[in-house]
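Below is one structure, written out as structure tokens; the observations come after it.
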Amino acid sequence: MKPRKVGTSTVLTVPKNIKITADDYDVFSGRDGAIIYLPKTKNPFTDPAFIKAHLNAYSDQDFIDTSILPDEF
Numbered sequence: 248m249k250p251r252k253v254g255t256s257t258v259l260t261v262p263k264n265i266k267i268t269a270d271d272y273d274v275f276s277g278r279d280g281a282i283i284y285l286p287k288t289k290n291p292f293t294d295p296a297f298i299k300a301h302l303n304a305y306s307d308q309d310f311i312d313t314s315i316l317p318d319e320f
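Going left to right, the sequence shown walks through residues 248 to 320 as our numbering numbers them.
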């Protein structure tokens with residue numbers, strides 16, 4: 248596969264045997280010149296529905312009560 252120029256961009260055509268599964272992709276430069284395309288995903292920590300569903304999901308009661316002995320520190 249050879250890159251081609253379209254206007255001021257360089258384009259790599261996706262072969263038809265590779266199924267496109269998303270509308271948007273993030274692109275990264277990998278090791279040894281690899282070009283990596285990953286489908287864009289939403290950040291769940293900025294999603295109001297996720298925040299509402301997980302609000303107060305954890306409390307201090309979820310952790311085991313512990314103490315540090317004088318000779319442990």
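Built from N, CA and C at the ideal position, the CB exists for glycine as well. What you are looking at is a predicted structure, and each value in this text was computed from that prediction instead of being measured.
- Distance from the CA atom of proline 291 to the CA atom of serine 276, rounded to whole angstroms, is 25 Å.
- Closest in C-alpha terms to lysine 266, from the list Pro286, Gly280, Ser256, comes Pro286.
- Check the Cα spacing between aspartate 271 and each of Arg251, Lys289, Asp279: the tightest is with Lys289.
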